[in-house]
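K.L.:
Protein chains in written order, with the working numbering: chain B, 58 to 201; chain W, -6 to 390. We put the CB at the ideal spot given by N, CA and C, even for glycine. All figures in this text were calculated on a predicted structure; none of them were measured in a lab. Following this message is one structure expressed as structure tokens.
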């Protein structure tokens, strides 16, 4: 394990038992995580959801996620939920116009549109604009 | 009548070489380097055929379908494939299915931007892929065609004929689109963010078929092409074909100009190269894969096909205010090399660029076509009718 900082985008699901408990601040206070709120929503079914970008060393992130689990927060790693159908993608580049997170870029050597799920912030715009519907993004409303 | 362009190597001669396995065939991408290294004269001596390719959304596409006679017979006046209406006013069991026709009950742009999930292009892709499609027909009934209604689940194998017939494809160059307005717009050129937020473009540049034959000296009615994965033909000039546009000193058009109408047998095609598409906020359409072999009949053709992305320019057009209001204005000129670098400078601002036409697929198509000629002795069609053109005033050294 290195001390280099990495970034991980996660969807956190707070059930009604924990949704009003102050938890997130401890990521910074106790685990030195630099976090960035990408999206947040409260659902009528009394469930809070938060898409966070976590930045820290691998150890810090691991410990922070363990802490969240202990508090009863359900965790989904976004990169594992986002998919592109490689047989369907034609590498046209329509998605590049809307991606602002560097998760999609054109490889100049191969002329292919590369999709890097790790960097995706689940804004869902590429799914909307993909002409052949090859992208399945995760969203704050996804079924888990 | 074709102007005298000084043919030094005829298409018939090239076809002889293809049959003997002696023809030298390269892609338009490879030709750029050959001309750079060997010069125009050297490249002309060396190369017989240059293959091109393009793969992108091409509206003005569709299919003539003959669904065969039903029992009892029907003279259909309205027909639908998966609830996408095709025009049936052709003959009893003939119809034309347009790529941009949207499925019935689609909410269109009622909630903007609309999704346009399924349309004519998707039906054509589904048919080519061999998938099942629900076919419906309605008629008023005649003595010879008594049926008034017909419904069946079909595949392409149940259709008597399914011909792709695209009245306007492979636009020779196209605008680079930007948005000067203050709101995000959803266009056939993709999503354009406000205040010059981004720029999109849609040709394969140096690989593009008509950019490699800027004066249509070798492409005409009867030219055999790669269409949707099988052999197709150029059947006429495309609608809106216009040779009389802004051109560079190299003869290459700097804005939309020539177009072609193409036909091919859908039963032979592959759904890898024909794809139904949904353009957010715009509508349905179809991506078409086209490749054209360019015979190098003289030194000028070697020169044209040797032009690279750095030598091919297009106009930057505002789709926020100018284009919808038919204001004919260019915000500037950019080369495809600049566009492919990922950013261009417009009105003093650095603007990120992205393509809409797949260069990856264009390369694959040009490669396939090269393979057809070299390995399967695919010969070149001799144009029977030439397109309206203008004179090339340049001198090729």
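Is the Cβ-Cβ distance between residue 53 (chain W) and residue 298 (chain W) less than 8 Å?
P.N.:
No, these two residues do not count as a Cβ contact at 8 Å.
K.L.:
Below 8 Å on the Cβ atoms is my contact criterion, and I expect residue 42 (chain W) with residue 290 (chain W) to pass it. Report the Cβ-Cβ distance as a whole number of Å.
P.N.:
That belief does not hold up - the Cβ atoms of residue 42 (chain W) and residue 290 (chain W) are roughly 10 Å apart, past 8 Å.
K.L.:
Let me know the alpha helix (DSSP H) ranges lying completely inside the region 37 to 96 of chain W, each 4 residues or longer, listed in chain order.
P.N.:
As far as the region 37 to 96 of chain W is concerned, it has no whole alpha helix (DSSP H) run of at least 4 residues.
K.L.:
Comparing the C-beta of residue 150 (chain B) with each C-beta of chain W, is any distance below 8 Å?
P.N.:
Interface residue, yes.
K.L.:
Measure the Cβ-Cβ separation of residue 170 (chain B) and residue 109 (chain B) and say whether it is below 8 Å.
P.N.:
No, Cβ-Cβ distance for residue 170 (chain B) and residue 109 (chain B) is not below 8 Å.
K.L.:
With DSSP run on the structure shown, which of helix, strand or coil describes residue 67 (chain B)?
P.N.:
Residue state, collapsed to three classes: strand.
K.L.:
For chain W, check one thing: does any of its Cβ atoms lie closer than 8 Å to the Cβ of residue 185 (chain B)?
P.N.:
Closer than 8 Å: yes.
K.L.:
Rank W:202, W:145, W:69, W:182 by C-alpha distance to the C-alpha of residue 277 (chain W) and give the top, closest one.
P.N.:
Comparing Cα positions, the closest option is W:182.
K.L.:
Find the nearest neighbour of residue 392 (chain W) within the set W:47, W:386, W:36, W:382, judged by alpha-carbon distance.
P.N.:
The structure shown has nothing for residue 392 (chain W), since chain W only spans -6 to 390.
K.L.:
Pair every Cβ in the region 356 to 367 of chain W with every Cβ in the region 7 to 18 of chain W, then say whether three or more of these pairs are closer than 8 Å.
P.N.:
As far as the Cβ criterion goes, the region 356 to 367 of chain W touches the region 7 to 18 of chain W, which means the pair count is three or higher.
K.L.:
Please list the partners that residue 154 (chain B) has in chain W, where partner means a Cβ-to-Cβ separation under 7 Å.
P.N.:
Within 7 Å Cβ-Cβ: 183, 184, 191, 193, 347.
K.L.:
Among residues of its own chain, excluding the 5 on either side of residue -6 (chain W), which ones have a beta-carbon nearer than 7 Å to its beta-carbon?
P.N.:
Note that residue -6 (chain W) has pLDDT 44, beneath the 50 cutoff, so the model's placement of it is unreliable and the number below is only indicative. Here the set comprises nothing.
K.L.:
Could you spell out the range, first to last residue, of the beta strand (DSSP E) harbouring residue 83 (chain B)?
P.N.:
Not the beta strand (DSSP E): residue 83 (chain B) falls in the alpha helix (DSSP H), residues 82 to 88.
K.L.:
Buried or exposed, going by whether 16 or more other CB atoms sit within 10 Å of the CB of residue 37 (chain W)?
P.N.:
Answer is buried; the Cβ neighbour count reaches 16.
K.L.:
Taking 8 Å as the CB-CB cut-off, is residue 268 (chain W) touching chain B?
P.N.:
Chain B, which has a Cβ nearer than 8 Å to the Cβ of residue 268 (chain W), makes this yes.
K.L.:
Just the Cα atoms here: how many angstroms apart are residue 67 (chain W) and residue 145 (chain W)?
P.N.:
If I take the Cα positions, the gap works out to 13 Å.
K.L.:
Run down chain W in chain order and give the residues with a C-beta less than 7 Å from the C-beta of residue 189 (chain B).
P.N.:
By Cβ distance, chain W contributes 268, 270.
K.L.:
For the alpha helix (DSSP H) containing residue 167 (chain B), name the first residue and the last one.
P.N.:
Counting along the chain, residue 167 (chain B) falls outside any alpha helix (DSSP H), and DSSP gives it neither H nor E.
K.L.:
For residue 157 (chain B), does the three-state DSSP call read helix, strand or coil?
P.N.:
Coil, per DSSP.
K.L.:
Does DSSP put residue 352 (chain W) in a helix, in a strand, or in coil?
P.N.:
Helix, per DSSP.
K.L.:
Which residues does DSSP list as the beta-bridge partners of residue 145 (chain W)?
P.N.:
Answer by DSSP bridge pairing, in chain order: W:128.
K.L.:
Note down, in chain order, each residue of its chain lying with its Cβ closer than 8 Å to the Cβ of residue 162 (chain W), except the 5 sequence neighbours on either side.
P.N.:
51, 53, 54, 231, 252, 253, 254, 255, 281, 283.
K.L.:
Residue 153 (chain W): buried (16+ other C-beta within 10 angstroms of its C-beta) or exposed?
P.N.:
It is exposed - the Cβ of residue 153 (chain W) has fewer than 16 other Cβ atoms within 10 Å.
K.L.:
My output table needs one value for residue 314 (chain W): the three-state DSSP class, helix, strand or coil.
P.N.:
Coil, per DSSP.
K.L.:
Whose C-beta lies closer than 7 Å to the C-beta of residue 31 (chain W) among residues of the same chain, with five residues either side of it excluded?
P.N.:
Counting only Cβ-Cβ distances below 7 Å, and skipping sequence neighbours, we find 39.
K.L.:
Determine, for residue 194 (chain B), whether the minimum Cβ-Cβ distance to residues of chain W falls below 8 Å.
P.N.:
Not closer than 8 Å to any Cβ of chain W, the Cβ of residue 194 (chain B) fails to qualify, so no.
K.L.:
Residue 169 (chain B) versus chain W: which residues are under 7 Å apart at the beta carbon?
P.N.:
Chain W residues near residue 169 (chain B): 353.
K.L.:
In angstroms with no decimal places, state the Cα-to-Cα distance between residue 75 (chain W) and residue 145 (chain B).
P.N.:
If you take the alpha carbons of residue 75 (chain W) and residue 145 (chain B), they lie about 21 Å apart.
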